[in-house]
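In terms of the working numbering, the sequence shown opens at residue 120 and continues consecutively.
Beneath this line is the structure, given in structure tokens, with notes to follow.
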Amino acid sequence: MISIISAVTLLVASFAGNISPKLITVIQPLTLVYPIIVIINIGLLLYWITARSKISLIILILLLVVSNDIFTNFQITFLNSPKNDKEDIKLLSYNVKNFNERDNNSVDKSSRFGIIRFLNDEDPDIICTQEYYSTNTNLYEPLKQFRDTLGMKSYYYESYFNPKYNQLLGLATFSKYQAINKGKLKFEGSRSFGIYTDLIVNNDTLRIFNIHLASIKLTPEDLDFVMNTESDNENNIKNKTTDIYFKMREAYLLREMQVKYLMKVLEQTPHKVIMAGDFNDTPSSWVYKNVSKDLTDAFVSKGIGLSPTYAGPLPFLRIDYILVDQGYDVTYYSRHKFENSDHYPISAVIKAL
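Right under this line is the structure:
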């Protein structure tokens, strides 16, 4: 019975990303725990092989059927070379979580300084930051200082919402290349969830999308409940589960709207594209499968293992991505174990084919 339930769960989780969340929402959360579902099925496969049961053959066939989904979550790569050619492009994406300054009234700058040191050491050509934060009476001066400190030529910033109280919170893209055009992604009733910058790179125009899709907005109490359900009574478990489900449902539906808008913009884009950012969804999700279908996932090309990018209480989630136009080759990918946010930074090196 356990094997049947596990096999069916794997099958449903694998195909959940092919179904619009608006059509069926209830199965979408399975994509969040996809690696765990796969590991359980592999464990059962080994058990039934040891027991010399024909059930092992059924599980093996199922794993082969969904192998494409498995390998968007887990990779084994042997050839992974860092930037070594002047025409190579190194891009780094990082959700900096406000530099941890909104939680302490901007008094403690150690996180910001640590991130700046890390970025200087990595020396990328393009940096896409999400949840960029600064506060200053001269509103945009910190952005210029950030650009100059990192040796960048240009930057483009857009707030999630209209700036207030001398504070900025939004998306910022920094580049060593000349910027010739820019724009933001926003529809009525939504915050800004993406920006794009057209850069002159090696005598070609490259459009960089910096994306931050809607989050579930789980509170620390929600996360504590998910990790420690056994300490609650039955009534509280039911109420909290319902509350979390509706938060997830709202996020899935909003991300679907954002992605449909994004895909329309992509269809009208006249240039080669690199898309990076925090998608707040996993490689098995509808969001990922739709956004990445005409692009190359840098992790799938050159990643190793699971490479989770979320540094919070659910340590197996890969929700940050670098997706590359098929006119480019990915030569390097890294998930950096740099802990200064609730996300890990990711970087990739690409070169024109």
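All C-beta atoms in this analysis are idealised placements derived from N, C-alpha and C, irrespective of residue type, glycine included.
Computed from a predicted structure; not experimentally measured.
Pair within 8 angstroms by beta-carbon distance, residue i and residue j
{"i": "alanine 135", "j": "serine 403", "result": "yes"}
{"i": "glutamate 277", "j": "serine 311", "result": "yes"}
{"i": "glutamate 220", "j": "tyrosine 251", "result": "no"}
{"i": "isoleucine 330", "j": "methionine 367", "result": "no"}
{"i": "arginine 437", "j": "serine 426", "result": "yes"}
{"i": "valine 468", "j": "lysine 209", "result": "yes"}
{"i": "lysine 470", "j": "glutamate 206", "result": "yes"}
{"i": "aspartate 439", "j": "aspartate 400", "result": "no"}
{"i": "serine 411", "j": "leucine 442", "result": "yes"}
{"i": "glycine 302", "j": "asparagine 459", "result": "no"}
{"i": "proline 464", "j": "leucine 262", "result": "no"}
{"i": "leucine 342", "j": "proline 432", "result": "yes"}
{"i": "glutamine 286", "j": "alanine 333", "result": "no"}
{"i": "arginine 266", "j": "tyrosine 274", "result": "yes"}
{"i": "alanine 132", "j": "tyrosine 166", "result": "no"}
{"i": "tyrosine 284", "j": "isoleucine 319", "result": "no"}
{"i": "serine 122", "j": "isoleucine 174", "result": "yes"}
With 16 other Cβ atoms within 10 Å as the buried cut-off, status of residue i
{"i": "phenylalanine 170", "result": "Phenylalanine is not the amino acid found at residue 170; the sequence shown has alanine there. So alanine 170 counts as exposed."}
{"i": "phenylalanine 193", "result": "buried"}
{"i": "glutamate 260", "result": "exposed"}
{"i": "leucine 142", "result": "exposed"}
{"i": "proline 201", "result": "exposed"}
{"i": "alanine 374", "result": "Checking the sequence shown, residue 374 turns out to be arginine, not alanine. Per the 10 Å Cβ criterion, buried."}
{"i": "serine 186", "result": "exposed"}
{"i": "leucine 176", "result": "exposed"}
{"i": "proline 339", "result": "exposed"}
{"i": "lysine 272", "result": "exposed"}
{"i": "lysine 216", "result": "buried"}
{"i": "leucine 472", "result": "exposed"}
{"i": "threonine 256", "result": "exposed"}
{"i": "glutamine 445", "result": "exposed"}
{"i": "glutamine 249", "result": "buried"}
Residue i versus residue j - alpha carbon distance
{"i": "serine 473", "j": "valine 184", "result": "This structure cannot settle anything about residue 473, because the visible part of the chain is limited to 120 through 472."}
{"i": "aspartate 461", "j": "tyrosine 364", "result": "22 angstroms"}
{"i": "alanine 370", "j": "isoleucine 245", "result": "29 angstroms"}
{"i": "threonine 316", "j": "methionine 120", "result": "53 angstroms"}
{"i": "aspartate 413", "j": "histidine 455", "result": "26 angstroms"}
{"i": "aspartate 242", "j": "asparagine 355", "result": "49 angstroms"}
{"i": "asparagine 409", "j": "serine 230", "result": "35 angstroms"}
{"i": "isoleucine 314", "j": "valine 406", "result": "18 angstroms"}
{"i": "leucine 304", "j": "isoleucine 124", "result": "41 angstroms"}
{"i": "isoleucine 168", "j": "asparagine 347", "result": "34 angstroms"}
{"i": "aspartate 448", "j": "isoleucine 158", "result": "31 angstroms"}
{"i": "threonine 428", "j": "asparagine 214", "result": "10 angstroms"}
{"i": "proline 434", "j": "proline 282", "result": "33 angstroms"}
{"i": "threonine 324", "j": "isoleucine 299", "result": "9 angstroms"}
{"i": "tyrosine 451", "j": "isoleucine 189", "result": "21 angstroms"}
{"i": "aspartate 204", "j": "isoleucine 235", "result": "24 angstroms"}
{"i": "asparagine 321", "j": "alanine 430", "result": "35 angstroms"}
{"i": "lysine 228", "j": "leucine 151", "result": "33 angstroms"}
{"i": "aspartate 240", "j": "glutamine 264", "result": "17 angstroms"}
{"i": "leucine 149", "j": "leucine 337", "result": "17 angstroms"}
{"i": "threonine 144", "j": "valine 419", "result": "27 angstroms"}
{"i": "valine 384", "j": "isoleucine 178", "result": "41 angstroms"}
{"i": "glutamate 353", "j": "proline 140", "result": "28 angstroms"}
Distance between beta carbons of residue j and residue i, contact taken as under 8 angstroms
{"i": "leucine 130", "j": "leucine 181", "result": "7 angstroms"}
{"i": "threonine 128", "j": "isoleucine 156", "result": "6 angstroms"}
{"i": "tyrosine 380", "j": "phenylalanine 280", "result": "No, tyrosine 380 and phenylalanine 280 are not in contact; Cβ-Cβ is about 17 angstroms, not under 8 angstroms."}
{"i": "isoleucine 547", "j": "isoleucine 423", "result": "Lying before the first or after the last residue shown, residue 547 is absent from the chain, which here runs from 120 to 472."}
{"i": "leucine 238", "j": "leucine 269", "result": "6 angstroms"}
{"i": "alanine 417", "j": "cysteine 247", "result": "Incorrect: roughly 13 angstroms between the Cβ atoms, too far for contact."}
Check: Pairing CB atoms from the region 354-365 with CB atoms from the region 288-302, are three or more of them under 8 angstroms?
Finding: Of all C-beta pairs linking the region 354-365 to the region 288-302, fewer than three are shorter than 8 angstroms, placing the two stretches out of contact.
Margin query: Under 8 angstroms: do the region 375-394 and the region 312-328 share three or more Cβ pairs, one atom per stretch?
Written below: Result yes; three or more Cβ-Cβ pairs closer than 8 angstroms.
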